[in-house]
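Protein chains in written order, with numbering that gives the first Met the number 0: chain F, 0 to 296; chain W, 0 to 296.
There are 2 protein chains.
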Amino acid sequence: MHLPTLRQLEFLCAIADQGSFSRAAESCHVTQPTLSAAIKEVEGLLGVQLVERESRGASLTQAGEAAVERARNILSDTADLVSAARQAGAPLSGSFRLGAIPTIAPFLLPRTLKALRKAHPGLKLYLREDQTERLIDALRARKLDAALIALPWDAPGIVSMELGDDEFMLVAPTDHDLMHSKELNSSDLSDEDVLLLEDGHCLRDHALSVCRLPSKRSGADVTATSLPTLVHMVAGGLGVSLLPKLAIDAGVTSGADVELRPFNTPMIGRRIGIAWRQGSPREAEAQMIGEIVRNAL
Amino acid sequence: MHLPTLRQLEFLCAIADQGSFSRAAESCHVTQPTLSAAIKEVEGLLGVQLVERESRGASLTQAGEAAVERARNILSDTADLVSAARQAGAPLSGSFRLGAIPTIAPFLLPRTLKALRKAHPGLKLYLREDQTERLIDALRARKLDAALIALPWDAPGIVSMELGDDEFMLVAPTDHDLMHSKELNSSDLSDEDVLLLEDGHCLRDHALSVCRLPSKRSGADVTATSLPTLVHMVAGGLGVSLLPKLAIDAGVTSGADVELRPFNTPMIGRRIGIAWRQGSPREAEAQMIGEIVRNAL
DNA sequence: GCAAATGCATAGCTAAAACCTATGCATTTA
DNA sequence: TAAATGCATAGGTTTTAGCTATGCATTTGC
Chain F
0 MHLPTLRQLE FLCAIADQGS FSRAAESCHV TQPTLSAAIK EVEGLLGVQL
50 VERESRGASL TQAGEAAVER ARNILSDTAD LVSAARQAGA PLSGSFRLGA
100 IPTIAPFLLP RTLKALRKAH PGLKLYLRED QTERLIDALR ARKLDAALIA
150 LPWDAPGIVS MELGDDEFML VAPTDHDLMH SKELNSSDLS DEDVLLLEDG
200 HCLRDHALSV CRLPSKRSGA DVTATSLPTL VHMVAGGLGV SLLPKLAIDA
250 GVTSGADVEL RPFNTPMIGR RIGIAWRQGS PREAEAQMIG EIVRNAL
Chain W
0 MHLPTLRQLE FLCAIADQGS FSRAAESCHV TQPTLSAAIK EVEGLLGVQL
50 VERESRGASL TQAGEAAVER ARNILSDTAD LVSAARQAGA PLSGSFRLGA
100 IPTIAPFLLP RTLKALRKAH PGLKLYLRED QTERLIDALR ARKLDAALIA
150 LPWDAPGIVS MELGDDEFML VAPTDHDLMH SKELNSSDLS DEDVLLLEDG
200 HCLRDHALSV CRLPSKRSGA DVTATSLPTL VHMVAGGLGV SLLPKLAIDA
250 GVTSGADVEL RPFNTPMIGR RIGIAWRQGS PREAEAQMIG EIVRNAL
C-alpha cells in the first residue's frame, strides 16, 4: 500500500489551519507552488478531492476534514515517538512538569522531592497545584507531563498507575461525643455537621460519598478552601470533618485543638495515583516518578 | 521539529520483524545499504541507538522496541487514513464485512439486508455469525468492518453505537403456572427450571443476570445450542426460558406448543448495537448501516 | 586453520523528488 | 479599470533516496 508523506500531511493540516494555500505554505516555510503540488499529489494518491479551491482562499471537503483529523493524530504520535526516543537516551534529565491536587501536594511533595533530587540530580521539576479536572486538561494539552491525583478518575486518553492508599480519619473538637463512642463507623457521621472543602476538590466528593450524603447539602453549607483552614474550623467548634492520613502525618493538625480518631470500618479513604496522557513520550519517566512517590507513601 | 519519514519507520519495523538488515531490506524491496543508511539517519535524528548490530543479524535496543511499537501504530493509522479517504469517495460500495451474534443474525438480518440492498445496490455484504468475543477479536484483527452485538460490551479500542432495545419475554409450555399468575416479574423465575443457551452466548449471561442466578448453576445444567432448539426444549416440558422479542417476531416459536408472556417489570431485555474498531476507515459506513438496522428494529 | 559464507558498513554514482523562481489566469477589491 | 489576491503551471536546481560495487568482521564448513 502506498502511503502519503508526513510532510504532505503537515501541508494538509496547515491548509486546515490557515484556510489558504499561500498562508499555509508560509507557515510550512515552503513556497505556494510546492504546497499546491504536494496537495495535488495526495489527492491523486487518495483518489478524493480534499481541498475546495475558492476564489478567496481554500476550504476542506468532508473527506478533507476527516483526513485532517487523522493526520493531526498521526503527526502528534510521530512527534511523541521522537520525544520518547530522545528521552530514552537521557531518562529523568532536563525538565519534567508534574501536577498535583491541593490535598496531596503540600503534604506529599516535600518528602518526595528530596528523594527525587537524590536519585536524579539532573532533573528540573516544575510543579503545578490545581484541581483534578484542570490537571487532566493540562495533561491532554501537553502542558503537564504527569499529575498526582486521587483515583479512580475516568478520563479517556489518560492512563494512571496506583501508588497507594490514603486513609481518612475523623477530626473533631477535643472532647467531642464521637471520641468516646465504642466503635466509629462512617454511618455515625450522618447526624453530625460535617465540614467540607469548597466545590471542585475531589476530597469533598470522597467525604460526601463516605458519609452517603447527597452532593447538594441542605441548610447553611460551610466550606473551607484548604485543609489547614478546615482544621481551624473544626477546632473552632463548627463541626467535624475527615482528614487524609497523608495530611495528618505532615502535621496539618499540629497545634490545633482537635482530636483524631481512625474508623473501625476497614479502609475508608482514597487511592492515590499518578496519571499521564496515553502515549506520552514521558510515560516511562512518569512511572519512575510514581515508584519514588510510592516509596515515600 | 524534525520528523522521521514513514518509510524510515517501515524500515525500522521490518528489522523488528525480520531480525536482520538484509532480510528487512528484502522485505521492503530495497537493497541492504539503502536500509542501513536509512536506519543510521533515524538514529542520528533521534540521538539514540535503536538497533544492536550483532554478528549474526540485528536486534533492537530498548529504545528501539519502544519506537517500533509507536511506529507500528503510526503506520497503521496512516493506512487507515488512506482507506478512509478512498471510501469517502465511494461510500457503501465494494465489499463490507459485517459480523453478528447467533441470537441476532437469523432474526434481524433478513429484514435488514433487503433494506440495505435497496439503499446501496453496489454493496457486497459478507456476513459472519459468531459469538461476541470472537467478533470483537475479528474487528481488532481487521477481519471484519463492523459487528452487530448486544451492548454494553466493554472492549478497549472498540466503539459502538446503540441501535435499540430488544425485550425479553417468558416462554413456557402451554398452561404452565406462570401464565396464570397476576403479575409476572423476573423474581418469579427463581424457583423455575430456566433453560439456557450453551456457554459463550451473551444471551445466556443476560438471562442469568435477569434471574439473578450465579453463572455456575448447580445440578444438571441443560443447555441449548440455538434459540429454535431452546424453544423445542421448552415445548418438551424441560423448563421455561427467556426469548428476545426479535426472535419471536421472526417466528422462532411458530408451530411450537409454547406460550409467551411479557414481564410487568419495565424493560427486561438487552440493547442491540453495532460495533467497530476505533479509527476504522469504515466508521462512517458502519454508522450508515447502523441507521438502516435501527429502522428495521 | 583456512576458504567460503554471512552480514553490516562505506564509497561513489544515478535518477527521482522536492523545492525553487517566474509567470499565467481567474476573481475580488479600490 | 487597475491593482491585488490567490491558486495553477512551466522549467530549472538542489537534495536525497536508492542503486552497484566493495570492504571488513564474524561465523561456518571442510
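For glycine and all other residues, C-beta sits at the position ideal for the given N, C-alpha and C.
Computed from a predicted model, the values in this text were never measured in an experiment.
Terminal residues of the alpha helix (DSSP H) in which residue i lies
i, result
"F/Pro105", "104-118"
"F/Leu245", "244-248"
"F/Leu11", "5-17"
"W/Pro151", "Where W/Pro151 is concerned, there is no enclosing alpha helix (DSSP H), given that its DSSP letter is neither H nor E."
Reduced DSSP secondary structure (H/G/I, E/B, other) of residue i
i, result
"F/Gly218", "Here F/Gly218 scores only 40 on pLDDT, less than 50, and its place in the model should not be relied on; the value that follows carries that caveat. In this structure, F/Gly218 counts as coil in the three-state DSSP scheme."
"W/Met266", "coil"
"F/Val29", "coil"
"F/Ile100", "coil"
"W/Gly43", "helix"
"F/Leu259", "strand"
"F/Asn294", "helix"
"W/Val251", "coil"
"W/Ser35", "helix"
"W/Ala274", "strand"
"F/Leu237", "coil"
"W/Ser92", "coil"
"W/Ser180", "coil"
"W/Ser21", "helix"
"F/Met287", "helix"
Residues near residue i in its chain [Cβ-Cβ closer than 6 Å; skip 5 each side]
i, result
"W/Ala154", "Ile135"
"W/Glu166", "Lys244, Gly268"
"W/Ala246", "Phe106, Leu226"
"W/Ala312", "Within the shown structure, residues of chain W are numbered from 0 to 296, placing residue 312 of chain W beyond reach of any answer."
"W/Ser180", "none"
"F/Gln31", "Phe20, Ser21, Ala24"
"F/Asp79", "Gly278, Pro280"
"F/Ala219", "Its pLDDT being 46, under 50, F/Ala219 is placed unreliably by the model, and the measurement read from it follows with that caveat. Correct list: empty, nothing qualifies."
Within 9 Å, strictly: CB atoms of residue i and residue j
i, j, result
"F/Thr77", "F/Asn184", "no"
"W/Val81", "F/His1", "yes"
"F/Ala171", "F/Val239", "yes"
"W/Cys27", "W/Ala70", "no"
"F/Gln130", "F/Ile100", "yes"
"W/Leu59", "W/Ala15", "yes"
"W/Glu42", "W/Val29", "no"
"W/His205", "W/Leu241", "yes"
"W/Gln7", "W/Glu40", "yes"
"W/Leu202", "W/Leu196", "yes"
"F/Pro310", "F/Ala234", "This structure does not reach residue 310 of chain F, given that chain F is present from 0 up to 296, and the question cannot be answered."
"W/Ala65", "F/Ala283", "yes"
Residues near residue i in its chain [Cβ-Cβ closer than 7 Å; skip 5 each side]
i, result
"W/Thr111", "Ile291, Val292, Ala295"
"F/Leu122", "Leu91, Ser92, Phe95, Leu115"
"F/Leu138", "Ala146, Ile157, Ala274, Trp275, Arg276"
"F/Ser217", "Because F/Ser217 carries a pLDDT of 40, less than 50, the predicted location of this residue cannot be relied on, and the following value inherits that uncertainty. Excluding residues within five positions, none has a Cβ falling inside 7 Å."
"W/Phe10", "Ala23, Cys27, Leu34, Ala37, Ile38"
"W/Gly289", "Met160, Leu162, Ile273"
"W/Val230", "Val170, Val251, Thr252, Ala255, Val257"
"F/Ala57", "Ile14, Gly18, Ser19, Phe20, Val50, Glu51"
"F/Val209", "Phe167, Ser185, Leu241, Ile267"
"F/Pro3", "Val41, Leu44"
Span of the beta strand (DSSP E) around residue i
i, result
"F/Ile157", "157-172"
"W/Lys142", "Looking at the DSSP string, W/Lys142 is not in any beta strand (DSSP E), and its letter there is neither H nor E."
"F/Val50", "50-53"
"W/Gly63", "Here W/Gly63 belongs to no beta strand (DSSP E); instead the alpha helix (DSSP H) covers 61-88."
"F/Leu124", "122-128"
Close Cβ partners of residue i (< 8 Å) along its chain, the five nearest in sequence each way excluded
i, result
"F/Asp198", "Thr222"
"W/Arg281", "Ser82, Ala83, Gln86, Phe95, Asp144, Ala145, Trp275"
"W/Leu5", "Ile73, Leu74, Thr77"
"F/Leu237", "Asp192, Leu194, Val221"
"F/Asp164", "Met266, Gly268, Arg269, Arg270, Ile271"
"W/Leu97", "Leu124, Tyr125, Leu126, Arg127, Leu143, Asp144, Ala145, Ala146, Leu147, Ile288"
Every unbroken alpha helix (DSSP H) within the region 183-209 of chain F, with a cutoff of 4 residues, ordered by chain: none
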